Every structure is written in structure tokens, then in C-alpha cells.
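As they're listed, the protein sequences go chains B and D.
Under the numbering used here, think of the first position of the first sequence as 32, with each following residue one higher.
Under the numbering used here, think of the first position of the second sequence as 206, with each following residue one higher.
Using N, Cα and C, we set each Cβ at its ideal position, and we do this for glycine too.
Since this is a predicted model, take the numbers as computed values, not measurements.
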Amino acid sequence: MILAPVAALGRSTLSGLAALGRIGLFCIATLAALVRPPFYIREFGHALWTIGYNSLPVVGLTAFFTGGALALQIYEGGSRFNAGQVVPSIVAIGMTRELGPVLGALMVAARVASSIAAEIGTMKVTEQIDALVTLSTDPMRYLTVPRVLAATLCLPVLVAMGDSIGIFGGYVVGTGRLDLNAAAYLENTVEYLEPWDVTSGLIKGAVFGFIVAVVGCYFGMNSGRGAQGVGRATKSAVVTASVLILAANYLLTELFFSA
Amino acid sequence: MIELVDLHKAFGANRVLRGVNLHVPKGKSMVIIGGSGTGKSVLLKCILGLVKPDAGQILIQGKDTAKADRDAFLARFGMLFQGGALFDSLSVWQNVAFRLLRGTQKRPRAEAREIAIEKLRRVGLKPEVADLYPAELSGGMQKRVGLARAIAADPEIIFFDEPTTGLDPIMAGVINELIREIVVEMGATAMTITHDMSSVRAIADDVAMLHDGVIQWTGPVGRMDASGDPYLDQFIHGRAEGPIEAVR
């Protein structure tokens, strides 16, 4: 009786690890399918549009407000020891290294992983996946590969745009609300920002994009029956993608920046 | 043409197929009947390779499908799914011409569209339907589009999974007639699963009844009413009393 909660925790840990293992195998299958023809160019183009272009507003708005809030916080914290001038450089470094890729990816996970899981899950429930197979089309190559490739390529672009918009958000708040000098703000931003700050964020973006699409496709392909099954797949896709993004972010940060 | 030899399939403790043996001659229309949950769909999915059987053999023209080239094997099949299984994101003509727009049977886009419109016409749909999306069609029209897709690449073997489910009796009659006409006209071997007895009488040359994981009875449709098999009698007359438990 006393051990029941521990047993439940053990069971969910084991099932979580098993799911992670299955996602790992799905990743390997996706990578194998990525390099083998046929390639579905039309589906890839469509995925670029829905994953990349359509995510731009949500990523841009998130970045703008994050940059603005970051400027306020840094100014408020920095002014305690007369370091208010560090706002531009810290906004720029914070956006490019961490907040741009992570928040951008989380927003894309909410928007894209859910829609991929729901779309593919519904296709599974309505036998469209079976229909693909009977029409001599491998669902992995037709559904998964275009989405994974598009997300992996789009996320760095979205991150780059998010970085710029976030820095602009910091600039708007810094110069408009905090009365920082506009020319000095721009000068500080450029002076302290190094190419690796930006590049590391873009690499993170590519990894996060891969995670978002693979997780969305995995849960869609393994969706249960009926509306409840598709709903559960959608929820699991968003939660899993978000957790994996945060975990991967830590590992990449450790890899890129630990001395 | 199609031969199933001692086919077994279980899902956990649930033994769905327990040694199915069945022969479908070339050019014949075989209808498999049986209650809900007796494994009719599983049987069809085993033949198509969507579900892997635990044991037994599936032979198409004497060749074991387990050893066949999968793409070449599937290119010989057409399938009408129960709910149509049309791709929501594609227009009607793209659904019909799906196989003709990619893979080994790829044709130029204009030619594929022409074939799709011809097949749509064959199932009684006007060319204007070609550019609509599946969500804009009624259930009966979706079934017809599914039928057009099944015959688009002139397959040798066509499967029909519950072709009249969810349709009104008139539309069900239209679909039954279409299936019969198309199968005869194309000379294709057909396998249909249904529990709609009017479909059975309209479509079948031969009937097989699946019960308890095995083929309980098989024979020409004309001998079905006088089979003397208590399972088949109960099923075709829809009686609650008999060897088949009403609540399964």
C-alpha cells in the first residue's frame, strides 16, 4: 500500500523511457528515409509553407515582446549596481544564444507539432495511411521526411528572424521607455555580439526543428483510435517536443559554451 | 489467383484468424461475410501486407507474397476503403490519379488528370467534381471517388471493404451495381467484405463465411440459401437464435 505511489512512479518512468526509445528508433528510420528516393518535392514545398512561413507571425511576436521584457529586466537589475548600459549587449546575447532559439522552438512546437500529430493521427484513424501503403507510397517518405526536412531547415531561419525582431524589441523599449541613446544602443549591440553567438543559436534551431517534426510525426503515426486517440497524440506531441527541446537546449549549451 | 493457406493472426490473447484457407479463382468475385469483429478486415489487411500474419501463406498466382517485390505486388491491387480514405489535402482528381502522379506508374500530369476524369465518369461523376475537395462531397460521392481511385491504374485484383456502409439503400444499390459492372468489365479478381446481404447477392460469384477465425462455409452465391449450414443460415436470415452467439 505504502509502495503504491513509488510503483506508479516506476511504471511511468519505465513507460516514458520506452517511449523515448521508440522515438529514437523513429528518428533513425526518418534519417534512413531522408537519404533514399523517392523524394516528394511538392509535399516538401507545402511543408515549408505551413511550418516555416505560417509560423513567422507567432515567432516574431514572441521574440518582440521577449526582447522588450528582457531590456526592462536587465535595466532594472543592472541599475542596482550602475550597469544599465549593458542592456543592448545582454539583450543581443540573450536573444541569439538562448531566448530566440528556445522560445521560437517552443512556439513552433505548440503550433506545428500539434498540427502534424493531429493531421497524421486523423489520417491514421480514417485509414488514409493504409490507403497510402496500398497505393505503393511509403508513409515515412511521403509524410514524415518532407515535414522533418522542412522543420529542420525552417527553424534556423525563423530563429534568425526572431533574433532580429527580439533585438529590435529591446531597442524599442530601451530607447523609447528607458531613454537609452539610440546610436549607443546599436553600437553596443554590434560591438559585443560575436558570430558564434548567432551561429550557435541557429544550430540549436535546426536541432529543435528536427525534434518538433519527428515528435509530431511519431505521435501522429502512433495515434490511438477515435477523437480521443488523436487528442491524446496531439497533447503528447506538444508536451514531449517541449521537454525534449529544453533538454536538448541544455545539452547543446553545455557542448557549445562550457569552458 | 488468390490462395490463403492456414493463415493465423492474433492480437495478444485474441486469436482473430485461426487457420484460414481460401481460394479465389482469377476473374471471380468473392464476398467474405461474417459478424462484426470476426476478422474480415484483418484478413484483407494481411493479404495487402498492412498486417503481418503470424503463420500461414498468402499466394497470388502461386507466388508467396512474403517473398514478392512489394511495389510490384501492390501495383496489381486496387482498394476501396470503408470510409473512402480519400486524402483531404488533395483534390478529387489528384486522389483518383494518386498512383499515376508518382512512383513506377507515373504519367505526365495532364494525362493523369485525363485518366482521373475518365474514371470519375465511369463511376457516374461529372468532370466538374474533379477540382473539388473530399470534404465538399457527400458520403455516396466519396465512395464513388474511392472506387474511381481503386480502378485508376487498371488493377488485376480489387478489394472492397464494406462498400455500402453508411449509404442509403438507393445509393448502396448504385454502388453495388457499379462494383459488379466494373469487375466484369475489367475482368478483375475481386474480394469484398461486407455484412450487407443485398451487397452479397449483387456482387458475389462466390461467398465465404468467416466465423471463429476460420472459413465456416464457402460456395457459389446461388447455393447460399440452401447450404444447410446452421451458421450461414443464421447469418443470412439475421436470426438472434442459433449457433452464433448474438452478444459477442
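Handout entry: Reference Met126/B, options Ala114/B, Phe96/B, Leu286/B, Gly152/B, closest by Cα
Key = Phe96/B
Handout entry: CB-CB length for Arg172/B against Tyr71/B, believed under 8 angstroms
Key = 7 angstroms
Exercise for the section: Could you round the C-beta distance between Ile124/B and Asp228/B to whole angstroms and report it? I think they count as a contact, below 8 angstroms. Expected result: 6 angstroms
Problem - Which residues DSSP lists as bridging Trp422/D, in chain order - result: Met414/D
Handout entry: Residue span of the alpha helix (DSSP H) that contains Asp438/D, given as start and end
Key = 435-442
Practice task
With a 10 Å radius around its C-beta and 16 neighbouring C-beta atoms as the bar for buried, classify Glu185/D as buried or exposed.
Solution key: Any answer about residue 185/D is impossible in this case: the structure gives chain D only from 206 up to 453.
Exercise for the section: Using beta-carbon positions only, say whether Leu249/D and Ile398/D come within less than 9 angstroms of one another. Expected result: yes
Handout entry: Partner residues on chain D for Thr157/B, Cβ-Cβ distance less than 9 angstroms
Key = Phe286, Gly288, Gly289, Ala290, Leu291, Asp293
Problem - Minimum Cβ-Cβ distance from Arg318/D to chain B less than 9 angstroms - result: no
Exercise for the section: Locate the alpha helix (DSSP H) running through Asp276/D, then write down its first and last residues. Expected result: 275-279
Practice task
Return the chain-ordered ranges of every alpha helix (DSSP H) run that is complete within the stretch 109-180 of chain B and spans a minimum of 4 residues.
Solution key: 118-125, 131-139, 145-156, 159-165
Exercise for the section: Would you please verify whether the beta carbon of Lys268/D is less than 9 angstroms from any beta carbon of chain B? Expected result: no
Practice task
Identify each residue in the stretch 258-277 of chain B for which the Cβ-Cβ distance to at least one residue of chain D is less than 7 angstroms, and report them in chain order.
Solution key: none
Handout entry: One or two residues paired with Ala395/D in a DSSP bridge
Key = Ser234/D, Ile363/D
Problem - C-alpha distance - Ala278/B paired with Cys248/B, whole-angstrom precision - result: 20 angstroms
Exercise for the section: Measure from the alpha carbon of Ser195/B to the alpha carbon of each residue in Val90/B, Leu79/B, Val37/B, then state which is nearest. Expected result: Val90/B
Problem - First through last residue of the beta strand (DSSP E) which encompasses Asp211/D - result: 207-216
Exercise for the section: With 9 angstroms as the threshold, decide whether the Cβ of Asp228/B is near any Cβ in chain D. Expected result: no
Exercise for the section: Give me whichever residues DSSP pairs with Gln310/D in a beta bridge. Expected result: According to DSSP, Gln310/D bridges with nothing at all.
Handout entry: For His228/D, the residue or residues it bridges with in DSSP
Key = Glu208/D
Problem - Buried or exposed by the 16-neighbour rule on C-beta atoms within 10 Å, applied to Asn381/D - result: buried
Practice task
Could you please give me the residues that DSSP links to Lys268/D through a beta bridge?
Solution key: Ile265/D
Problem - Residues that Ala335/D contacts on chain B, provided the C-beta gap is smaller than 9 angstroms - result: Neighbours of Ala335/D on chain B: none; closest Cβ ~18 angstroms, over 9 angstroms.
Problem - Residues that Val164/B contacts on chain D, provided the C-beta gap is smaller than 7 angstroms - result: Leu255
Exercise for the section: Compare the C-beta of Ser167/B with all C-beta atoms of chain D and state if any pair is closer than 9 angstroms. Expected result: yes
Practice task
Express the C-alpha separation of Leu166/B and Ala277/D in angstroms, rounding to a whole number.
Solution key: 11 angstroms
Problem - As assigned by DSSP and simplified to three states, the class of Gly283/D - result: strand
Practice task
Kindly list, in the order they appear in chain B, the residues whose Cβ is closer than 8 angstroms to that of Leu279/D.
Solution key: Val164, Thr165, Leu166, Ser167
Practice task
Would you check if there are 3 or more beta carbon pairs closer than 8 angstroms linking the stretch 315-333 of chain D to the stretch 360-368 of chain D?
Solution key: no
Problem - Burial state of Arg53/B (16 or more Cβ within 10 Å) - result: exposed
Practice task
Less than 8 angstroms between the CB atoms is what I'm expecting for Met396/D and Val229/D, so what's the real figure, rounded?
Solution key: 6 angstroms
Exercise for the section: Confirm, please, whether the CB-CB distance from Leu279/D to Gln254/D is below 9 angstroms. Expected result: Looking at the sequence shown, residue 254/D is not Gln but Gly. Contact: yes.
Practice task
Write down the C-beta distance between Asp410/D and Lys233/D rounded to the nearest angstrom, noting that I regard them as a contact closer than 8 angstroms.
Solution key: 5 angstroms
Exercise for the section: If I'm right that Gly255/B touches Arg263/B with Cβ under 8 angstroms, what's the distance once you round it to whole angstroms? Expected result: 6 angstroms
Handout entry: Outcome for Ala340/D when other beta-carbon atoms lying within 10 angstroms are tallied against a minimum of 16
Key = exposed
Problem - Beta-carbon neighbours of Asp161/B, restricted to chain D and to distances below 9 angstroms - result: Lys250, Leu253, Leu255, Met284, Phe286, Ala290
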